[in-house]
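Participant: Below is a structure I'd like to ask you about.
As structure tokens, then:
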């Protein structure tokens, strides 16, 4: 009998509505494409700019300056134990920028790669995942701002800084769910292309980016924590300034639940709509 | 059987297409239909159905009830008119889209090539694009590195390999794109009409490369309108017509079947509408003025065309004569050659184009009709509006039959004066011509 057929080991059945059991295996097999799509976006992004990758540094830095002036000096919002306001702002800004860039970039990613999707097969989730890699590179650059500001104010981080990667991963997971969901739903209903920038704009003020959660009245805290970024930003700040910025535990757990829910919703929706992508884009 | 690599059963693919109802442009109507469509779209969104533009909907089966089996190592061409479902079939086989009904079983890895240069990014250099495109087509990094030099050499753009491809000429771009595609390795290779690019020399190189691939025991599915390529590369062909499989057999029989389906489409076909001028019907007339599908060489080529015009000035009728391989061989434009336009009074008109008498080689021909505005903007284009056949071509009544498929051309040239041979005295010994000696 045909040995080659068994050696190649790929027996495939294409049918309407058939969920592909090899999907996650396929994503692993196509990881090379994931890297190269991310590399493409990075390589292209700063072509024909003068300062190039420095933009990844300039944007968050200027935002930090503006927020410090507006919230710290004009609105005179309080900080616990007189931590410099710039540190409070950057501690909120970094995870928030990570979240909003992932959501903002991934949402349009499937549409902007329509030419690939209608011509070649690959697990479509590669496309929004690749944008996450790109955002992570920007994030790494902006971490240097955090380091710079901490040195400037002469603040040494405590042991809590070791948990920083955990909160980075959490911020990623929190953004991944909505991002995957949005990237799929935008293909079907383009309205969401206009909705998402709105959500991100409001989200910036609804999340404790320019202020600390302690500003929020005690009885609203749990409700406030329905916004998953609340718990994550708190955790992020806690790991930078330690005890000065406490974590509100019930709220943090609630944030995690919301994150998990969105992650499930995102993957579920994406897998459901994905099959029709080529017909819809 | 273990040797079957692709088995398709009752394959079908349905699309929903929307039509816009005729509007008379009243604002009130526009608002009410707008509101209705908003409600409907809102309901679609809640139910999670895809949105469709339009007021009425129609199901359209791009493929229906298609069955076939393909064995390991077979070279199969898929032929059919535009819109017959070829690309839809390839898209299903390459997992880009899902079938609506039926199923396909595939044993082995499919790599598909529906377009050259998929994912090329204009800002990236040729080198970077080779890696990007290769990864998109499913090649591994190590495979790419191994074949990189070969690809660059095949493309012939070594000098510009580090230049962004947006600075490339169209020809260079296509060469590079095809070079990557040509080095794609797969157990099952699915190729759409991608050879119709580049200059003749490059096309020949591509064909060679394709036949190398085909000769190395891979299974190849190949869509093309290039009959020469189909005959050279494949042994078996599948003919699709209106989404149905109408023929499955040898290439020669398949091409014959395909050509006969082209002939069957008569003047009763609905051609749609142009913006200003609409072709309603067209037929070939015999010397007695009766409709015919036979042309006698040496008689005027008469076409009777019925056309509707909105009265737009400067509309012209154009005729493109094509041979059995659909290559253009002659052209006529009423505006371009005679400065004759359609009447500027709106209405339906009939005209007869009486074209010169040609000695066309025996075989099949097609005529594309266009209406165009000031010879530039094509208003309506009907491919193969008229098909006809030349039974025999024997200029001057000698028994020799000049046929298209001899490959020596389409027109029998005729003498305007008798051919006579006058004796000439030999004045120079045979040797190198003088001019060459001087230049050397």
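Chains as they are written, first to last, in the working numbering: chain W, 154 to 434; chain E, 63 to 502.
C-beta: ideal position from N, C-alpha, C; glycine also.
#1: Using only the alpha-carbon positions, how far apart do residue 410(E) and residue 376(E) sit?
#2: So if DSSP puts residue 371(E) in a beta bridge, which residue, or which two residues, is it bridged to?
#3: Assign residue 111(E) to buried or exposed, taking buried as 16 or more other Cβ atoms, counted over all protein chains shown, within 10 Å of its Cβ.
#4: Just confirm the distance between the C-beta atoms of residue 381(W) and residue 327(W), as a whole number of angstroms; I'd bet it's less than 8 Å.
#5: What residues in the region 258-274 of chain W bring their beta carbon closer than 7 Å to a beta carbon of chain E?
#6: Roughly how far, in whole angstroms, is the beta-carbon of residue 285(W) from the beta-carbon of residue 255(W), given that I think they are within contact range, below 8 Å?
#7: Identify the contact partners of residue 556(E) in chain W, using a Cβ-Cβ distance below 7 Å as the criterion.
#8: In the DSSP assignment, find the alpha helix (DSSP H) that holds residue 234(E) and state where it starts and stops.
#9: Quick one: which residues of the region 225-243 of chain W get their C-beta closer than 9 Å to a C-beta of chain E? List them in chain order.
#10: What does a CB cutoff of less than 7 Å around residue 453(E) pick up in its chain, not counting 5 residues either side in sequence?
#11: Nearest-angstrom Cα distance between residue 315(W) and residue 241(W)?
#12: Write down every uninterrupted run of the alpha helix (DSSP H) in the region 138-204 of chain E whose length is 4 residues or greater and which is fully enclosed by it, in chain order.
#13: Just to confirm the assignment, what range does the beta strand (DSSP E) spanning residue 384(E) have?
#14: Under a three-way DSSP split, which group does residue 426(W) fall into?
#15: Closest to residue 446(E) by C-alpha separation, out of 384(E), 458(E) and 470(E), would be which residue?
#16: Please list the partners that residue 166(E) has in chain W, where partner means a Cβ-to-Cβ separation under 9 Å.
#17: Could you tell me the alpha carbon to alpha carbon distance between residue 329(W) and residue 213(E), rounded to whole angstroms?
#18: What are the partner residues of residue 75(E), as DSSP defines its beta bridges?
#19: Kindly indicate which three-state DSSP category residue 443(E) falls into: helix, strand or coil?
#20: Name the chain E residues that come within less than 9 Å of residue 428(W), Cβ to Cβ?
#21: Any contact between the region 152-164 of chain E and the region 240-254 of chain E? By contact I mean 3 or more CB pairs, one from each, below 8 Å.
#22: If you draw a straight line from the alpha carbon of residue 225(E) to that of residue 239(E), how long is it in whole angstroms?
#23: Run through the DSSP bridge pairs and tell me what residue 119(E) is partnered with.
#24: Take residue 296(W) and list the residues in its own chain whose beta-carbon comes closer than 8 Å to its own, dropping the five residues that flank it on each side.
#25: Which whole-angstrom value is the C-beta distance of residue 263(W) and residue 336(W), which I expect to be below 8 Å?
#26: Please compile the residues from chain E whose C-beta is within a distance smaller than 7 Å of the C-beta of residue 421(W).
#27: Using 10 angstroms around the beta-carbon of residue 270(E), count the other beta-carbons present and answer buried if the total reaches 16, otherwise exposed.
#28: List the residues of chain E whose Cβ lies closer than 7 Å to the Cβ of residue 189(W), in chain order.
#29: Name the chain W residues whose beta carbon is nearer than 9 Å to that of residue 460(E)?
#30: With a cut-off of 8 Å on the beta carbons, I'd call residue 503(E) and residue 113(E) a contact; round off their distance for me.
#31: Does DSSP put residue 328(E) in a helix, in a strand, or in coil?
#32: With DSSP as the reference, label residue 156(W) as helix, strand or coil.
#33: Which same chain residues end up closer than 7 Å to residue 405(E) when comparing Cβ atoms and leaving out the 5 residues on each side of it in sequence?
#34: In this structure, what does DSSP give as the bridge partners for residue 166(W)?
#35: In the DSSP assignment, find the unbroken alpha helix (DSSP H) run with residue 336(W) in it and report its ends.
#36: Please report the residue range of the beta strand (DSSP E) in which residue 394(E) lies.
Facilitator: Per the coordinate set shown:
#1: 16 Å
#2: 339(E) and 409(E)
#3: exposed
#4: 5 Å
#5: 268, 269, 271, 272, 273 and 274
#6: 6 Å
#7: In the structure as shown, chain E starts at 63 and stops at 502, and residue 556(E) therefore has no counterpart that could be examined.
#8: 232-244
#9: none
#10: 356 and 424
#11: 18 Å
#12: 148-155 and 188-198
#13: 377-384
#14: helix
#15: 384(E)
#16: 165, 166, 167 and 168
#17: 38 Å
#18: 125(E)
#19: strand
#20: 159 and 160
#21: yes
#22: 15 Å
#23: 80(E)
#24: 247
#25: 5 Å
#26: Neighbours of residue 421(W) on chain E: none; closest Cβ ~12 Å, over 7 Å.
#27: exposed
#28: 193, 194 and 197
#29: Within 9 Å Cβ-Cβ: nothing; residue 460(E) doesn't reach chain W, min ~54 Å.
#30: Limits of chain E in this structure are 63 at one end and 502 at the other, which puts residue 503(E) out of reach.
#31: Bear in mind that the predicted position of residue 328(E) carries a pLDDT of just 46, short of 50, making it too unreliable to give a figure here.
#32: Residue placement at residue 156(W) is poorly supported in this model, since its pLDDT is 35, which falls under 50; the coordinates are not used for a value here.
#33: 371 and 411
#34: 167(E)
#35: 317-341
#36: 390-395
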